[in-house]
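Data first, discussion second: the structure below is written as structure tokens.
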Amino acid sequence: MMRGLLPQLVLRVLAAGLLTVVVAAGWVLWDTANAARQDVQTTARRVADAIAARPDFIGLAFGGVAPTPVFRDWQQFPAWTLIAPGICVEFGARDQPTHRRCGPYLAAEGAPPAWFGWLAGRTGLVPDPVAVPVRMRYISDARVTAMADPGVIVTRAWARTGDLMRVAVGMAIGGAILTGLLVVRLLAPFRAILRGIERLQRGDFAARLPNLRVTEFDRLSTALNQTAATLQEAQAMRTELTRRLFTVQESERRALARELHDEFGQCLTATRALAAAIAQSGETTAEDGTRIAEITGQMMESLRAELSRLRPPDLDDLGLRPALERLVADWRSRVPAVRFGLELTGEIEAVPDELALSLYRIAQECLTNAIRHGAPKTVSLRIEVADAITLTATDDGSARHDGPIGDGYGLLGIRERVDALGGSFSLAPAGDGMRATARLPR
Numbered sequence: 006m007m008r009g010l011l012p013q014l015v016l017r018v019l020a021a022g023l024l025t026v027v028v029a030a031g032w033v034l035w036d037t038a039n040a041a042r043q044d045v046q047t048t049a050r051r052v053a054d055a056i057a058a059r060p061d062f063i064g065l066a067f068g069g070v071a072p073t074p075v076f077r078d079w080q081q082f083p084a085w086t087l088i089a090p091g092i093c094v095e096f097g098a099r100d101q102p103t104h105r106r107c108g109p110y111l112a113a114e115g116a117p118p119a120w121f122g123w124l125a126g127r128t129g130l131v132p133d134p135v136a137v138p139v140r141m142r143y144i145s146d147a148r149v150t151a152m153a154d155p156g157v158i159v160t161r162a163w164a165r166t167g168d169l170m171r172v173a174v175g176m177a178i179g180g181a182i183l184t185g186l187l188v189v190r191l192l193a194p195f196r197a198i199l200r201g202i203e204r205l206q207r208g209d210f211a212a213r214l215p216n217l218r219v220t221e222f223d224r225l226s227t228a229l230n231q232t233a234a235t236l237q238e239a240q241a242m243r244t245e246l247t248r249r250l251f252t253v254q255e256s257e258r259r260a261l262a263r264e265l266h267d268e269f270g271q272c273l274t275a276t277r278a279l280a281a282a283i284a285q286s287g288e289t290t291a292e293d294g295t296r297i298a299e300i301t302g303q304m305m306e307s308l309r310a311e312l313s314r315l316r317p318p319d320l321d322d323l324g325l326r327p328a329l330e331r332l333v334a335d336w337r338s339r340v341p342a343v344r345f346g347l348e349l350t351g352e353i354e355a356v357p358d359e360l361a362l363s364l365y366r367i368a369q370e371c372l373t374n375a376i377r378h379g380a381p382k383t384v385s386l387r388i389e390v391a392d393a394i395t396l397t398a399t400d401d402g403s404a405r406h407d408g409p410i411g412d413g414y415g416l417l418g419i420r421e422r423v424d425a426l427g428g429s430f431s432l433a434p435a436g437d438g439m440r441a442t443a444r445l446p447r
């Protein structure tokens, strides 16, 4: 199905031209038939009037010799003054004509095609004969019958129609081609505007359209540039707000982790020491002390895990590489049935602190997402630092289609963090599982 504007326009112009050709050809056929009908009527009336005025003119009208010498000069009387070209005249009694004469005509080169003759017969191109009664002294019930020669009329109609159709069809095709060329030229600004809209759909708000030569297109280009500028400003504000939000969030996490470590951690440590002392006292409460020590130990393990989630200590103390290795090691201990892999290439240590924290959070959420939403046997994490930073997390769990970003807070957080850093994120099926890819500028 042809849906392009240019092909549709060219075809419609061509169809309109061909329809005009058909209408014009129909008018030519009608005009030819009408002219033949008038010729038949005029010829019949002329011959009848001439015969009625001069009874001895019978011989002159039909090529004979006048019986009276006074009419001998009519021997050279040209037939076309009475009989129209392509018209034949018969004279005599009803149903018994005794004289016949046809008007002169120039034979056309080539016969019309058979289909045109068939069409002429069905459309009434050849008129019916016309009979005019004539009062004669020697012939009773005399009449003049004029009839059109079908061959002459059809040939004449074909000559006129054929020339018209050849010229008109050529003009229709030429007009359609010329219209297509003009439309291609005229729609050039439209294609530029369409490319600008497509860039906006891809999130490229920095592109601007040039001034266009067509007033309407230029107004549309100006409106599109203003829209792009507004979206670019809104995106910049959103990115800055998101960046500030993550900065504040990490600051709050750092402060909360410090408070939990300094206050809650010390209290748990003291409680555990007291419980150990009670357990070693040998009193009846020794068993309760042991139980308190166990519970305190579990609470300290939970606190250590939450502190790691709030602020990874290895990231601040040792750097990104040890923090990622510790993250993968923790997952190996927590889910021993799954094989975790880690591959780090490039200058990992050269990643700035703020970017390193975001990279760690993205890796943390990608591993969590792989375990939470699938049943993988293998999960691999690969980070490559080059001109840009590429993080790829692949699992062999069940393939899952990436839904709207609001379907999961983890996925939403990754996208927002990546967008705030000016990068890109994608999640798509890969083999038997999923592949998450985040690209961040350095």
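Everything in the sequence shown is counted per the working numbering, starting at 6 for the first residue and increasing by one. Glycine included, C-beta positions come from ideal geometry on N, C-alpha and C.
- For P446, the enclosing beta strand (DSSP E) begins and ends at 438 to 446.
- Within the same chain, A153, P155, I158 come within 6 Å of V131 by CB-CB distance, once the 5 residues on both sides are set aside.
- Across the set A433, E306, G379, L34, the C-alpha of L34 shows the shortest separation from the C-alpha of R161.
- Residues P90, G91, V157 of the same chain have their beta carbon placed closer than 6 Å to that of Y110, with the five preceding and five following residues left out of the count.
- DSSP places R196 inside the alpha helix (DSSP H), whose first and last residues are 193 to 206.
- Boundaries of the alpha helix (DSSP H) harbouring S363: 358 to 378, taken from the DSSP string.
- The beta carbon of M176 lies closer than 8 Å to those of G22 in the same chain, with the five residues before and after it left out.
- The beta carbon of R50 is closer than 7 Å to those of V137 in its chain, skipping five residues each way along the sequence.
- Setting aside the 5 residues that flank it on each side, L445 is surrounded in the same chain by I394, L426, G428, each with a C-beta closer than 6 Å to its C-beta; the list follows chain order.
- At a Cβ-Cβ threshold of 8 Å, M439 and D392 do not count as neighbours.
- Straight across, the Cα-Cα distance linking G122 with G97 is about 31 Å.
- The three-state secondary structure of F345, taken from DSSP, is strand.
- C-alpha of Q240 to C-alpha of D209: approximately 10 Å in a straight line.
- Look at V137 here: in three-state DSSP terms it is strand.
- Per the DSSP secondary-structure output, Q101 pairs in a beta bridge with A98.
- With a threshold of 16 other beta carbon atoms within 10 Å, Q101 falls short and is exposed.
- Going by DSSP, P215 is part of no beta strand (DSSP E) at all; its letter is neither H nor E.
- In terms of Cα proximity to T47, the closest of P134, E221, E306 is P134.
- In the three-state reduction of the DSSP assignment, D168 falls in the helix class, which pools H, G and I.
- The C-beta of V26 has 16 or more other C-beta atoms within 10 Å across all chains shown, which makes the residue buried.
- In the displayed model, P117 falls within coil according to three-state DSSP, outside both helix and strand.
- Straight-line spacing of the CA atoms in D44 and L191 works out to 52 Å.
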